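Take a look at the structure below.
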Amino acid sequence: MSTGELLSSEPSELKFPFELKKQISCSLQLSNKTDNYVAFKVKTTNPKKYCVRPNTGVVLPRSTCDVIVTMQAQKEAPPDMQCRDKFLLQSVKVNDGLTANDITAEMFNKEAGNVVEECKLKVVYISPPSTAQEGSEEGPSPGVSFSDGKHANAAEFASVRSRCMCFCY
646 MSTGELLSSE PSELKFPFEL KKQISCSLQL SNKTDNYVAF KVKTTNPKKY
696 CVRPNTGVVL PRSTCDVIVT MQAQKEAPPD MQCRDKFLLQ SVKVNDGLTA
746 NDITAEMFNK EAGNVVEECK LKVVYISPPS TAQEGSEEGP SPGVSFSDGK
796 HANAAEFASV RSRCMCFCY
């Protein structure tokens, strides 16, 4: 969980079970830890690759908001399954009763004197479990590599994948 004074976000990094030619969506839950209305904005270093809905909004006091991050279908796997993409979650206190339609870019402008809280989220690709090679009787590989050097077994991969939605095109 990533946490600031205004919002906490779960999970603290976006894990996508990477599969070629599949659009994959994961959920990010924002929790307002205050008694104030909090506006948020989600930015990414790679806007052509990801769709964020809603990318701006207002989280009511002591409540939550789910944000869906969708990675577009990829034609090729990145080298070593490494991903340098990042997301920036910006949040700011706003007046009671403010709605998503009232949000402006100026609200998130620090130079204008606004107190903007920022939380960075990195993207991690998870490789699907390897299947046995043709002619091999060894069965599937016991684990898959994470970008941080940790390993996940097939059950862990399935657990992460079950929290995401995969779309075949």
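For the sequence shown, the numbering used here assigns the number 646 to the initial residue and increments by one for each residue that follows. For every residue, glycine included, the Cβ atom is placed at its ideal position computed from N, Cα and C. Here the structure is a predicted model, which means the values were calculated and not measured.
Residue i - containing beta strand (DSSP E), residue span
{"i": "residue 684", "result": "682-689"}
{"i": "residue 729", "result": "Note, residue 729: premise wrong, no beta strand (DSSP E); not H, not E."}
{"i": "residue 758", "result": "No beta strand (DSSP E) contains residue 758, which DSSP labels as neither H nor E."}
{"i": "residue 753", "result": "Premise fails: residue 753 is in no beta strand (DSSP E) and is neither H nor E."}
{"i": "residue 711", "result": "709-716"}
{"i": "residue 702", "result": "701-704"}
Residue from the options whose Cα sits closest to the Cα of residue i
{"i": "residue 666", "options": "756, 717, 729 and 740", "result": "717"}
{"i": "residue 679", "options": "649, 700 and 742", "result": "649"}
{"i": "residue 733", "options": "704, 668 and 753", "result": "753"}
{"i": "residue 700", "options": "709, 708 and 713", "result": "713"}
{"i": "residue 615", "options": "767, 748, 755 and 765", "result": "No answer is possible for residue 615: it lies beyond the span of the chain, which begins at 646 and ends at 814."}
{"i": "residue 709", "options": "770, 769, 652 and 768", "result": "652"}
Three-way DSSP call (helix, strand, coil) for residue i in this model
{"i": "residue 677", "result": "strand"}
{"i": "residue 791", "result": "Residue placement at residue 791 is flagged as unreliable, the pLDDT there being 41, under the threshold of 50; a coordinate-derived value is accordingly withheld."}
{"i": "residue 656", "result": "coil"}
{"i": "residue 778", "result": "Legend: pLDDT at residue 778 = 42, less than 50; position of this residue unreliable, value from coordinates given subsequently. Of the three classes helix, strand and coil, the one that applies to residue 778 here is coil, per DSSP."}
{"i": "residue 821", "result": "Summary: the structure shown does not reach residue 821, with the chain confined to residues 646 through 814, and so no result is reported for it."}
{"i": "residue 747", "result": "helix"}
Integer Cβ distance of residue i from residue j, believed to fall under 8 Å
{"i": "residue 646", "j": "residue 655", "result": "5 Å"}
{"i": "residue 706", "j": "residue 677", "result": "6 Å"}
{"i": "residue 750", "j": "residue 702", "result": "Not really, about 14 Å apart at Cβ, beyond 8 Å."}
Residue i and residue j closer than 8 Å at C-beta
{"i": "residue 685", "j": "residue 675", "result": "yes"}
{"i": "residue 772", "j": "residue 663", "result": "yes"}
{"i": "residue 730", "j": "residue 688", "result": "no"}
{"i": "residue 763", "j": "residue 735", "result": "yes"}
{"i": "residue 704", "j": "residue 737", "result": "no"}
{"i": "residue 769", "j": "residue 728", "result": "yes"}
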